[in-house]
Each structure stands twice: as structure tokens, then as C-alpha cells.
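Q: Protein chains in written order, with full-length UniProt numbering: chain A, 1 to 267; chain B, 1 to 291.
All residues carry an ideal CB built from backbone N, CA and C; glycine is no exception.
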Amino acid sequence: MDKFMFGRYIPGDSWVHRLDPRAKLILTFIYIGVVFFANSVWTYAVLVVLLLASIFATGISLRVFLRGLRPLLWLLMFTVVIQIFFGAGGHVYWQWGWLSVTHDGLINALLILMRFVLIIMVSTLLTFSTQPLAIADGIESLLSPLRKVHFPVATLALMLSLALRFVPTLMDEAEKIMNAQRARGVDFGTGGLKQQVKTIVPILIPLFVNAFNRAVDISTAMEARGYRDGENRTKFRELKWHRQDTLSLIIYVVFSVVVIGLRALQL
Amino acid sequence: MDIAFEKVNYWYQAGTPFAVQALYDINLNIPAGAFTAVIGQTGSGKSTLIQHLNALLKPTEGQVIIGDRTITPETKNKHLKPLRKKVGLVFQFPENQLFEETVLKDIAFGPQNFGISEEEADKLARQTAKMVGLDESLLERSPFDLSGGQMRRAAIAGVLALEPDVLVLDEPTAGLDPRGRNDIMGLVRHLQAEKQLTIVLITHQMDDVANYADHVIVMAHGHMVRQGTPREVFSDVAWLNENQLELPTATAYANQLIQKGFTFDPLPLTADELADQLVPQLAKQGVADHG
Ligand SMILES: Nc1ncnc2c1ncn2[C@@H]1O[C@H](COP(=O)(O)OP(=O)(O)OP(=O)(O)O)[C@@H](O)[C@H]1O
Ligand SMILES: [Mg+2]
Numbered sequence: 001m002d003k004f005m006f007g008r009y010i011p012g013d014s015w016v017h018r019l020d021p022r023a024k025l026i027l028t029f030i031y032i033g034v035v036f037f038a039n040s041v042w043t044y045a046v047l048v049v050l051l052l053a054s055i056f057a058t059g060i061s062l063r064v065f066l067r068g069l070r071p072l073l074w075l076l077m078f079t080v081v082i083q084i085f086f087g088a089g090g091h092v093y094w095q096w097g098w099l100s101v102t103h104d105g106l107i108n109a110l111l112i113l114m115r116f117v118l119i120i121m122v123s124t125l126l127t128f129s130t131q132p133l134a135i136a137d138g139i140e141s142l143l144s145p146l147r148k149v150h151f152p153v154a155t156l157a158l159m160l161s162l163a164l165r166f167v168p169t170l171m172d173e174a175e176k177i178m179n180a181q182r183a184r185g186v187d188f189g190t191g192g193l194k195q196q197v198k199t200i201v202p203i204l205i206p207l208f209v210n211a212f213n214r215a216v217d218i219s220t221a222m223e224a225r226g227y228r229d230g231e232n233r234t235k236f237r238e239l240k241w242h243r244q245d246t247l248s249l250i251i252y253v254v255f256s257v258v259v260i261g262l263r264a265l266q267l
Numbered sequence: 001m002d003i004a005f006e007k008v009n010y011w012y013q014a015g016t017p018f019a020v021q022a023l024y025d026i027n028l029n030i031p032a033g034a035f036t037a038v039i040g041q042t043g044s045g046k047s048t049l050i051q052h053l054n055a056l057l058k059p060t061e062g063q064v065i066i067g068d069r070t071i072t073p074e075t076k077n078k079h080l081k082p083l084r085k086k087v088g089l090v091f092q093f094p095e096n097q098l099f100e101e102t103v104l105k106d107i108a109f110g111p112q113n114f115g116i117s118e119e120e121a122d123k124l125a126r127q128t129a130k131m132v133g134l135d136e137s138l139l140e141r142s143p144f145d146l147s148g149g150q151m152r153r154a155a156i157a158g159v160l161a162l163e164p165d166v167l168v169l170d171e172p173t174a175g176l177d178p179r180g181r182n183d184i185m186g187l188v189r190h191l192q193a194e195k196q197l198t199i200v201l202i203t204h205q206m207d208d209v210a211n212y213a214d215h216v217i218v219m220a221h222g223h224m225v226r227q228g229t230p231r232e233v234f235s236d237v238a239w240l241n242e243n244q245l246e247l248p249t250a251t252a253y254a255n256q257l258i259q260k261g262f263t264f265d266p267l268p269l270t271a272d273e274l275a276d277q278l279v280p281q282l283a284k285q286g287v288a289d290h291g
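(1) Cβ of Ser47 (chain B) versus every heavy atom of ligand 1: is any distance shorter than 8 angstroms?
(2) Give me the Cα-Cα distance between His29 (chain A) and Ser141 (chain A), rounded to the nearest whole angstrom.
(3) Taking three-plus beta-carbon pairs below 8 angstroms as touching, is the region 194-209 of chain B in contact with the region 245-255 of chain B?
(4) Output the distance between the C-alpha atoms of Gly286 (chain B) and Leu56 (chain B), rounded to the nearest integer angstrom.
(5) Tell me whether Thr203 (chain B), by its Cβ, gets closer than 8 angstroms to a heavy atom of ligand 2.
(6) Where DSSP assigns a beta bridge to His223 (chain B), which residues make up the other side?
(7) Between Gln83 (chain A) and chain B, is the shortest Cβ-Cβ distance under 9 angstroms, so that the two count as touching?
(8) Quick one, which of B:Ile184, B:Ala161 and B:Ala193 has its alpha-carbon nearest Ala183 (chain A)'s?
(9) Here's the rule I'm using: 16 or more other beta-carbon atoms within 10 Å means buried, otherwise exposed. How should Val257 (chain A) be labelled?
(10) What I want to know is whether the C-beta of Gln92 (chain B) ends up closer than 8 angstroms to one or more non-hydrogen atoms of ligand 2.
(11) Quick check on this structure: which residue in A:Pro11, A:Thr234 and A:Asn179 has the alpha carbon closest to the alpha carbon of Leu53 (chain B)?
(12) Let me check you understand the geometry: is the CB of Thr173 (chain B) closer than 8 angstroms to at least one non-hydrogen atom of ligand 2?
(13) Got a sec: is the Cβ-Cβ distance from Gln192 (chain B) to anything in chain A below 9 angstroms?
(14) Using the C-alpha atoms, what's the distance from Trp42 (chain A) back to Arg70 (chain A)?
(15) How many Å lie between Gly291 (chain B) and Leu282 (chain B) at the Cα?
(16) Let me check one thing: in DSSP terms, what residues is Gln95 (chain A) bridge-paired to?
(17) Go ahead and pull the three-state DSSP assignment for Trp241 (chain A).
(18) Using the three-state DSSP reduction, which class does Lys76 (chain B) fall into: helix, strand or coil?
(19) What are the start and end residues of each continuous beta strand (DSSP E) run of 3 or more residues lying completely inside the region 200-285 of chain B, in chain order?
(20) Select from the region 106-117 of chain B all residues with a C-beta closer than 7 angstroms to any C-beta belonging to chain A, and list them in chain order.
(21) Check the Cβ-Cβ distances between Val200 (chain B) and every residue of chain A, and say whether any is below 9 angstroms.
(22) List, in order along the chain, the chain B residues whose C-beta lies closer than 7 angstroms to that of Gln181 (chain A)?
(23) Where are the beta strand (DSSP E) runs, 3 residues long or more, that stay fully inside the region 112-164 of chain B, in chain order?
(24) Can you tell me whether Lys3 (chain A) is buried or exposed? The criterion is at least 16 other CB atoms within 10 Å of its CB, across all chains shown.
(25) Taking 8 angstroms as the line, does the beta carbon of Gly40 (chain B) fall inside it for any heavy atom of ligand 1?
(26) So for Gly88 (chain B), helix, strand or coil by DSSP?
(27) In the structure shown, what three-state DSSP assignment does Met1 (chain A) receive?
(28) Which value, in whole angstroms, describes the spacing of the CA atoms of Asn27 (chain B) and Met151 (chain B)?
(29) Does the Cβ of Ser248 (chain A) have 16 or more other Cβ atoms within 10 Å, making it buried, or fewer, making it exposed?
(30) Short check: CB of Val16 (chain A) to CB of Ser129 (chain A), under 9 angstroms?
(31) With respect to 8 angstroms, is the separation between the Cβ of Asp208 (chain B) and the closest non-hydrogen atom of ligand 2 below this value?
(32) Straight-line CA distance for Thr102 (chain A) to Val117 (chain A)?
(33) Alpha carbon to alpha carbon, how far is Asp172 (chain A) from Gln266 (chain A)? Give it in angstroms, no decimals.
(34) Candidates B:Ala174, B:Lys105, B:Ala34 and B:Ile202: which alpha carbon is nearest residue 303 (chain B)'s?
(35) Can the beta-carbon of Ala221 (chain A) be found closer than 9 angstroms to that of Arg115 (chain A)?
(36) By alpha-carbon positions, which one of B:Tyr12, B:Val87, B:Glu232 and B:Pro59 ends up nearest to Val166 (chain B)?
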């Protein structure tokens, strides 16, 4: 997993790093929502400016963000190609059977690509600048009104933070197991499909066995230390809303209004 | 098969913001047929080092020469398979790699990956199981039903069944009881003496180093800080203490005796050597006391 950047946290002390995770979650959702309103060069330009400014505020270089896109490159290319060849309408540039490249198809492909890239980048921005546990805390806090309708918010949050906590552990373990199997002559990523599927078994079984064993250990350890489900517990990490959080929120809302306004004016 | 490292630097996740250098300018030789021990504190880069021995990791800079193959940063992942058969690598806690339905199948998994027929692999698996001291009756069981020590043996057998020329073991005795430890060290010793295997062993057990190793490599913070015979490495007691490395039990004991006025030359590494030097001195003292 040497080159795997997507969804990781990069420690830092920037403006964005210091924001309340709740604020960052809300900003991310606002941004993703607004992306779907964008439909013209100008609206996208506004969104790109906002994204670049936010990236700049994280203190992490743009190169690192772009590298985060790399694992998803094939997915992006695939969508674009599908859109180009199967989209219809407008001037026809090229046709072969029922495959055609048309004006509208090209435009649509470009729009979808932009949307994809913007959404991935803004989610990456959230995970790069926010510790997984802070994200879980933020989600719990944002969902807390649901307690009134007896939604198990605390349990969900615990599940989420345990999951987030152990993703890197599992990835490390998967890598170790892969190496151990490589040492026993397994070739990952070569041969036909059948061959490749076969190589998954020697990774997944040990990975699951270890994960289950660990889960049992953790639950025993939690019970031994008095954890009971569904009780009101106090927080070790308190979330605090600062002026910067409100300020960032205002900036995002202003940009959103601009994008929606531009769309309404059909610019 | 000789193995040599030339100016090897290794970074985990090279080229990302998470890059960490784990090996710095490593130059060393691992002589064929010898028993080489790798020691050093936890996190000093021992596991990273030995994963270069079968090109699971490739140097970020420098080169590793393994027999007639040279592994450089540019080496492609293809065609490394023959190397993996020649250099068998037993990972730290190898029981975490077991996955087959039965112990026998798991041991036979490796050989089959190298194109050995099912029957041949089966035969090989039975032989190696016997060699590592796994009872026939366990072979048809699920590997997950074995005890920790038995799982460890099964996993080691899975690598031994490849019939490698070089056997590399990453702390194979960690977490085992004394009996299990002795069995595994006995097996390793047997493989070197009878089957002429080159052995590379990572260990925290200095007694094993003193008893078995011909050659010792000392790692600290990603650097190779010493290499030599056990006698050379363990002679510098002050330096070992500085680097938080333990002494073999016999050597530590001899050191305490020196404070009490005994003399040792050379410093004993094993219980036998200690006894050989101690007995005459005690006899003399006895005579003096009764004088
Ligand atoms: N997959 C990895 N990604 C990033 N860093 C790693 C990885 N594996 C090891 N390291 C780092 O490389 C350094 C050397 O690790 P290594 O596992 O080689 O140590 P070791 O000497 O085998 O320790 P131990 O005695 O605990 O097994 C450590 O600082 C470790 O944190
Ligand atoms: Mg190690």
C-alpha cells in the first residue's frame, strides 16, 4: 500500500487542521451539494477557486492532493470514455455503429469529470486535515439530535471510530500477509482472472481470522474495563466551536450563493 | 549463495509525505553456509533488512547481490520467483499466514506455487512436517485448531517445503515456551549442519547468538553499527550497554564474577566456556581456603 494516499490523515497545524471537525464535515457537505448545481464554466471556476483556496489553507502541497487522485484514475477514465461514446445530442463529430462522439457527449463527459475530481478532492481535503477519530466525533455530534427518536448514535459512533481506528492496522496487516504469501511463491497481479481470484484467498482468510480474534480481544478488554452499551457517557475529547469555524462557514455559504446565483442567471 | 548489500538505503513509502527512512547506507556480506544472526533493538530495521534478501523489498538506493542476481531500485517484479524459492523467508509471527483447510495442504501450498505436482508437494509436506516435529495425526486438522507452538511449526514447515538454499527467520522463537524455543533452535542448527543451508536469524536471544552464530550483524536506528564474530561483538561490554544490547547469560555472569576478582580470557560466551575457565579458578580458591 506504499502509494495509497486516499483517505489518510496528514498531521499539521494549519487553519484547516484546527477547524472543528463538525465545521469541516458541514463545509464538505455544502461543497458537494453545490457541485451538483454547477453547470457552466463560470460556476465551475468559482468552485475551483474555493477548492484551491481551501487546499492552500491546509498547508499541504497540491501535488499531494493530485497524487491522491491517482488510484482513482482508471475509474475516472472509464466514466469519461463511457460518457464520450454513449452520450448523444448536438453536433456529431464521429460515428461507428452505435458508438458516436457528439458535442453534448463531450460536454457531459467534461462536466462529470469535473464533478468527480472536485468531490474527490474536497473529501480528500477533509481526511487529509482531520484525524479519523475527530471525524467520528464530529459525526456523532452532528447526529446527536437523532437521539430523541432513539437512534443509537453513541453505538454508531463507537463502531465508526473503531472501524476508522483499525483501517490502517488492517492495511498494514494485509501488506504483511501479502508479503508472507509472496515469499511462498504467490504472484499477485499476474496471470488470468481465475489465477488472480485464487490469490485473494490466501490473503483474505488470514486477514479475517486475525480481525475476528482481535475483535474478540477488544470487546473482552472493553467489558473488563466496564463498558456498557447505550449508557450516557462523557467525552474525553470535547469539541469546541470557534470563530474561525463560523467564518469558514460564512465563506462557503457566500460561494454557494454565488454558484447558485450564476446558475439562476444562466451564466 | 553469497549475499551482499552495497550502499543500500531504504525508505518506506518513498516519494510520499509519509516517507520514512528505515535503512541507511548498509554495506554487508552474508557468507554462504554460515549462520548469521541479526540483532538490534526493536524498530532498528532488522525486518526491513531481511526482506531485501528475497527482494520482497527493493532498495530505494544501492543494490543487493543475491547469488547471481543483482537487485537494484529498477528491478522489475517479474522473474523474481526463482529467487523466492532459493531464499526462504519465515516472517515474524508466521502463524498469521496460515489459511488452508488442513495443515498438510498449507505446507504444500508453497511448493505447488513453484510448479511442483500435487503428489510431490504432498510428499514434501509430510517430510517437512516430520522435520519440524509436527505429529502425523495433526496433518489433516485445520491449522486454526493447532496450539500456538504447533501453528508456528506448521508455518515454518510451509517455507522449508520450498527447499531453499538460504533460510531467513524473523524471530522464530518469539512468544514460545523454552521447550518450543529449544526445538526450533535445534531444527535451525540441524538444517545448517546437515543440509548445508545458509541461515539468517533475527533474534533477541543473545544466548542463541552465542551458541549458534558464526557471524553477527548489529543494527541500530537503521544503521549497521557492527558486524563480526559473536566473540568480537560481545567483547565490548561497555559499548553493548550503551546500545542497550544484552549480553549472553554466561558472559553477563562472568562479568559479575570479574567484579569479585575472577579473571577470564577470553570472555566466555557459553555456559561450557564459562565452566571451563571457572573450575580451575574455583579449585585454586578451594585449595587456598583450606590452605
Ligand atoms: N510498512 C511500514 N511503513 C512505514 N514504516 C515502517 C513500515 N514497517 C516498518 N516501518 C518503520 O521502519 C523502522 C524499522 O522497522 P523494522 O520492522 O525493520 O524494525 P525491527 O528491527 O524489525 O523491529 P522489531 O524488533 O520490533 O521487529 C521502524 O521505525 C518502523 O516504524
Ligand atoms: Mg521486526
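A: Straight from the coordinates:
(1) yes
(2) A small correction: the amino acid at residue 29 (chain A) is Phe; His does not occupy that position in the sequence shown. Whole-angstrom Cα-Cα distance: 15 angstroms.
(3) With three or more CB-CB distances shorter than 8 angstroms, the region 194-209 of chain B counts as touching the region 245-255 of chain B.
(4) 59 angstroms
(5) no
(6) Note: His223 (chain B) sits in a beta bridge opposite B:Ala220.
(7) no
(8) B:Ala161
(9) exposed
(10) yes
(11) Here the closest residue by C-alpha is A:Asn179.
(12) no
(13) no
(14) 27 angstroms
(15) Annotation note: pLDDT 49 at Gly291 (chain B) (below 50); position unreliable, coordinate value reported separately. Rounded to whole angstroms, Gly291 (chain B) to Leu282 (chain B) spans 14 angstroms at the Cα level.
(16) Answer is A:Ser100, bridged to Gln95 (chain A).
(17) coil
(18) coil
(19) Runs found: 215-220 and 223-228.
(20) Phe109, Gly110, Asn113 and Phe114
(21) no
(22) Going along chain B in sequence order, the residues near Gln181 (chain A) (Cβ under 7 angstroms) are Gln97.
(23) none
(24) Here the model assigns Lys3 (chain A) a pLDDT of 49, short of 50, so the residue's position is not dependable and the matter cannot be decided.
(25) yes
(26) strand
(27) At Met1 (chain A), the pLDDT of 41 sits below 50, so the modelled position is not reliable and the matter cannot be decided from this model.
(28) 35 angstroms
(29) Burial state of Ser248 (chain A) is buried, judged by a 10 Å Cβ sphere holding 16 or more other Cβ atoms.
(30) yes
(31) no
(32) So the alpha carbons of these two residues sit roughly 23 angstroms apart.
(33) 50 angstroms
(34) Residue 303 (chain B) lies beyond the residue range present for chain B, which begins at 1 and ends at 291; the question has no answer from this structure.
(35) no
(36) B:Val87
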